[in-house]
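Student: Dropping the structure in here first, questions after.
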Amino acid sequence: MRNLYEVLGVEKNASADDIKKNYRNLAMKFHPDVNREKGAEEKFKELSNAYEVLSDPNKRSQYDMNGTVGNNRFQNGQQNQGKPYSTVMDDIFSQFFGGDRRRQVIKGDTILAYANITFDQVLKGCDTSIKFLRKTICEKCKGKNICPHCNGSGSRTIHGMQMVVQSSCHACNGTGYISINCDECQGGFKEAKEDIVYMPIPPGVETGMRFLRQGYGELSTHPQGIAGDLIVVIQVVDHPIFKRLPVGDILLEYPLNYADLVLGKEVEVPTLEGKLKLNIPSGTQMGSIFRFQGSGLPIYNQGSTIYQRGDLIVQVGIEVPTEIDDEYREVLIKLKELDNQKPLSNKRQTIDNLGE
Ligand SMILES: [Zn+2]
Ligand SMILES: [Zn+2]
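The sequence shown maps to residues 983 to 1338 in this note's numbering.
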């Protein structure tokens, strides 16, 4: 029995991706539907058996250690015992095309693209242009892989003596599609080029939301094929001062001086749309929260322009000076003496008592 790594033409330390890639290329080459040469079927079975072991991390490590797996199921030609051959081939094709080959090969692959959206764009919605990479069709072979035996129809008409019989094309197994043998490209495709799509982004979008654009995915090399889908994933860029909270609320941490908290102060806080006056009452504790209703972000409403808005939450902090001059120090020492003369607050008493 041949070494499984040799069968797939990979090194022993090959990555799972490389194994899959090599298997895919070889399986396409020796698939009995496209390769009618003697021995192709045997070769194809051998490839499938090798791939079954090496694509499974458990089986692969077992094989690496013992040179064998389980009850030798993977040995040449034995894996498929009791399983109809066409089922095995369907399995293989499902892995590549994600389902029924007759349906799935027609549509091009899905492309993922990312849209960076600012808070301002979340607020108002926007029309944005999204750049993405899309593979180009090979100029040499034009990406055409129409089955020459049935001209892409997938069926053949057989004229008998008495009747005309319509039968599925054996060369392409009724798909109308064969793998491309072109030295200029990979399956009809060449390197990806930048493409651009314009799309409206509704207000209130959140990071991770996905929008589908049909027809902007990879092109199809199938004669009746259509381009795949483009999925645009939203990434909302962090704002320098506002933090996004759930359901439309945004948080602004607003630092004040100790004296301002004690004495109170009227301040102007920034919002997403200009400034608003906020009255900090005297004796405000650090961490206190002030809420401006409806000054947050829109709450996403399935792309509708009718939506509610969250709140702007202002949380006051305290700014402790790190460099102070002599005058400031003197005042603070005096303040500390005054503080020490006051009785402890109830809260402090509770804390101190619990510590004993
Ligand atoms: Zn080509
Ligand atoms: Zn055909």
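No residue lacks a Cβ here, since even glycine has one placed at the ideal position from N, Cα and C.
(1) Taking DSSP's pairing of strands, which residues face F1272 in a bridge?
(2) If you check the beta carbons only, do R1226 and D1177 fall under 7 Å apart?
(3) Can you tell me the Cα-Cα spacing of P1185 and E1250, whole angstroms?
(4) So, for S1068: in the same chain, excluding its five sequence neighbours on each side, which residues have a beta-carbon less than 8 Å away from its beta-carbon?
(5) Grab the span of the beta strand (DSSP E) containing R1291 for me, first residue to last.
(6) How many angstroms separate the CA atom of R984 from the CA atom of I1162?
(7) In whole angstroms, give me the CA-to-CA distance for V1070 and Y1180.
(8) DSSP on S1286, reduced to helix/strand/coil?
(9) May I ask whether a heavy atom of ligand 1 can be found less than 6 Å away from the beta carbon of R1166?
(10) Pull up the distance between the alpha-carbon of N1048 and that of E993, whole angstroms please.
(11) Helix, strand or coil for V1104, going by three-state DSSP, please let me know.
(12) Determine the extent of the alpha helix (DSSP H) in which D1046 is found, giving its start and end residues.
(13) Report whether the distance from the Cβ of H1131 to the nearest heavy atom of ligand 2 is below 6 Å.
(14) Between the beta-carbon of V1214 and the beta-carbon of I1288, is there less than 7 Å?
(15) Comparing C-alpha positions only, which one of A998, R1042, E1028 and L1254 sits nearest to G1100?
(16) Between which residues of its own chain and R1273 is the CB-CB distance below 6 Å, once the five residues before and five after are set aside?
(17) Shorter than 6 Å, the distance from the beta carbon of K1175 to the closest heavy atom of ligand 1, or not?
(18) By Cβ distance below 6 Å, which residues in the same chain neighbour D1211 in space, the five residues on each side in sequence not counted?
(19) Quick check: the Cα distance between P1303 and K1318, rounded to an integer number of angstroms?
(20) Looking at the C-beta of L1317, does it have a partner C-beta in chain C at a distance below 7 Å?
(21) Is the beta carbon of L1029 less than 7 Å from the beta carbon of L986?
(22) Using the rule of at least 16 other Cβ atoms within 10 Å of the residue's Cβ for burial, across every protein chain shown, is N1155 buried or exposed?
(23) Of the residues P1237, V1219 and A1032, which one's Cα is nearest the Cα of R1006?
(24) Counting only runs that start and end within the segment 1086-1155, where is the beta strand (DSSP E) found for 3 or more residues in a row?
Tutor: According to the structure shown:
(1) F1272 pairs with V1296.
(2) no
(3) 26 Å
(4) Residue placement at S1068 cannot be trusted, given a pLDDT of 39 that sits under 50; the coordinates are not used to answer.
(5) Element bounds for R1291: n/a, residue is neither H nor E.
(6) 28 Å
(7) Residue placement at V1070 is poorly supported in this model, since its pLDDT is 40, which falls under 50; the coordinates are not used for a value here.
(8) In the three-state DSSP reduction, S1286 falls in the coil class, being neither helix nor strand.
(9) Note that residue 1166 corresponds to Glu in the displayed sequence, not to Arg. Because some heavy atom of ligand 1 lies under 6 Å away, the Cβ of E1166 counts as near it: yes.
(10) 17 Å
(11) Helix, per DSSP.
(12) P1039 to N1048 is the span of the alpha helix (DSSP H), which, as asked, contains D1046.
(13) yes
(14) no
(15) The amino acid occupying residue 1100 in the given sequence is Thr; Gly does not appear at that position. Out of A998, R1042, E1028 and L1254, L1254 has the C-alpha closest to the C-alpha of T1100.
(16) D1293 and I1295
(17) No, since every heavy atom of ligand 1 falls outside the 6 Å radius drawn around the Cβ of K1175.
(18) T1092, L1194, Q1196 and G1199
(19) 16 Å
(20) Absence of chain C from the displayed structure is noted, only one protein chain being present.
(21) No; because the gap between Cβ atoms is not below 7 Å, this pair is not in contact.
(22) buried
(23) A1032
(24) The qualifying runs are 1093-1099, 1108-1119, 1137-1141 and 1146-1150.
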